[in-house]
Amino acid sequence: MSSSSRENVMRHIDLVGQLQPALHRPQHAPYPDAIDHALFRAYMRTSHDVGGEPDIPIRWEEKQEEQWEVNTYVTCECLAWRGIWNAEERRRRQNVDLGQTQYLGLPYYGRWLLSAARIMVDKQHVTLTELINKIEEVKKRHEKKSPR
Amino acid sequence: MKRSHHAEKSTGKGDPQCFKGEAGPAKFKVGDRVRIKNLPDIFYTRCQVYTRGAEGTVAVVTHESPAPEDEAWDNTDKPEWFYIVRFKQKDLWSDYPSAYPNDSVQTEFSERWLEKA
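Sequence lines, in order, name chains A and B.
Each residue of the first sequence is one higher than the one before, starting from 1 at the first, in our numbering.
Each residue of the second sequence is one higher than the one before, starting from 149 at the first, in our numbering.
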């Protein structure tokens with residue numbers, strides 16, 4: 001590969017670094033001629049591939065896993081054991097498929113939990129209707145037990 | 149509940165051990181100079197974009213497994229060899245401080261991403 005291709009890669013990394021989701025700033029669906037090859041590639045970037053993007057340091061905090069996080073991990077491992085997904089499909093779903101806004105915006109195990117619910121619906125082990133009804137039922141029960 | 153093909157295959161053996169012997173002869177060996185291909189990256193890959201077009205050295209020939217692009221949809225028909233490739237930091241980042249010429253980074257690729265440098 002020529003050095004100009006290498007420069008293209010570096011320009012690409014700069015461009016995807018600018019695609020951070022902007023809250024409260026509407027993006028209007030562009031006309032096709034507004035998307036050149038470089039911008040298309042930037043949009044196609046798999047959201048977990050952040051290496052080399054210009055960014056500011058984030059604060060590191062030592063933190064124990066919470067009970068719901070451990071439960072989520074075990075649930076996801078059981079889904080693998082029962083043959084619902086393999087580790088790579090799980091990573092695809094929780095790191096890439098949910099998109100840049102959710103990838104950057106949600107906690108790590110929040111993404112695990114969402115992808116576990118999603119694959120049960122996608123592979124028709126539960127229907128979305130059943131899932132919605134169950135979430136609503138648990139919410140109601142929880143509100144009664146511990147009113148805010 | 150029907151288990152996936154992948155789960156059946158790895159039961160009692162482990163993954164990636166269950167793919168041992170399925171990738172044929174490895175194309176590269178330890179010490180080979182390789183260049184990372186700049187293939188289209190849509191939907192899923194684990195080939196970091198910052199390595200595309202860069203040259204490095206094969207540090208370890210690791211194991212056989214379906215490539216992430218296949219395994220992420222449970223396609224396990226065509227396992228490939230995996231390699232750990234070592235890059236000089238200078239070869240990845242043009243502004244890397246020249247005070248540390250020996251700094252390196254290693255990362256893993258399936259064979260499809262490598263070509264002879």
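Glycine included, each C-beta is placed from N, C-alpha and C at the ideal position.
Here the structure is a predicted model, which is why all the values come from computation and not from measurement.
By DSSP, does Trp261 (chain B) sit in helix, in strand, or in coil?
Of the three classes helix, strand and coil, the one that applies to Trp261 (chain B) here is helix, per DSSP.
Of the listed residues A:Ala117, A:Arg82, A:Trp81, A:Ile84, nearest to Leu98 (chain A) (C-alpha basis)
A:Ala117
Tell me which same chain residues have a C-beta within less than 7 Å of the C-beta of Gln165 (chain B), skipping the five on either side of it?
none
Can you tell me which of the three DSSP states Gln94 (chain A) falls into?
In the structure shown, the three-state DSSP call for Gln94 (chain A) is helix.
For Ser5 (chain A), would you say it is in contact with chain B, using Cβ-to-Cβ distances shorter than 8 Å as the test?
yes
Quick check on Ile56 (chain A) - is its C-beta less than 8 Å from some C-beta in chain B?
no
Within this structure, are the beta carbons of Ala80 (chain A) and Asn86 (chain A) separated by less than 8 Å?
yes
Taking beta-carbon pairs under 9 Å, can you tell me which members of the stretch 10 to 22 of chain A lie near chain E?
Chain labels in this structure do not include chain E; the protein chains are A and B.
Suppose contacts are defined by Cβ-Cβ distances below 8 Å. Is Ala202 (chain B) in contact with Arg41 (chain A) by that definition?
At least 8 Å separates the beta-carbon of Ala202 (chain B) from that of Arg41 (chain A).
Which chain B residues sit within Cβ distance under 7 Å of Gly52 (chain A)?
Tyr198
Quick check on His37 (chain A): does DSSP put it in helix, strand or coil?
helix
Listing by chain order, which chain A residues have their CB less than 8 Å from the CB of Ser252 (chain B)?
None at all; the shortest Cβ gap to chain A is about 15 Å.
Please decide whether Gly83 (chain A) counts as near chain B, where near means a Cβ-Cβ distance under 8 Å.
yes
Does the CB of His154 (chain B) have a neighbour CB from chain A at under 8 Å?
yes
Where Lys175 (chain B) sits in the DSSP three-state scheme
Residue state, collapsed to three classes: coil.
Grouping DSSP H, G and I as helix and E and B as strand, with all else coil, what is Thr210 (chain B)?
strand
DSSP three-state assignment for Gly17 (chain A), whether helix, strand or coil:
helix
Within the 8 Å Cβ cut-off, does Thr101 (chain A) reach chain B?
no
Does the beta carbon of Pro216 (chain B) sit closer than 8 Å to a beta carbon anywhere in chain A?
yes
Measuring only the C-alpha atoms, how far is Asn186 (chain B) from Leu131 (chain A)?
41 Å
Starting from Ile232 (chain B), follow the beta strand (DSSP E) in both directions and report where the run begins and ends.
228 to 236
Less than 8 Å between the beta carbons of Gln102 (chain A) and Arg111 (chain A), yes or no?
yes
Residues in the stretch 173 to 191 of chain B with C-beta within 7 Å of chain A's C-beta atoms, listed in sequence order?
Hits within the stretch, in order: Arg183, Asn186, Asp189, Ile190.
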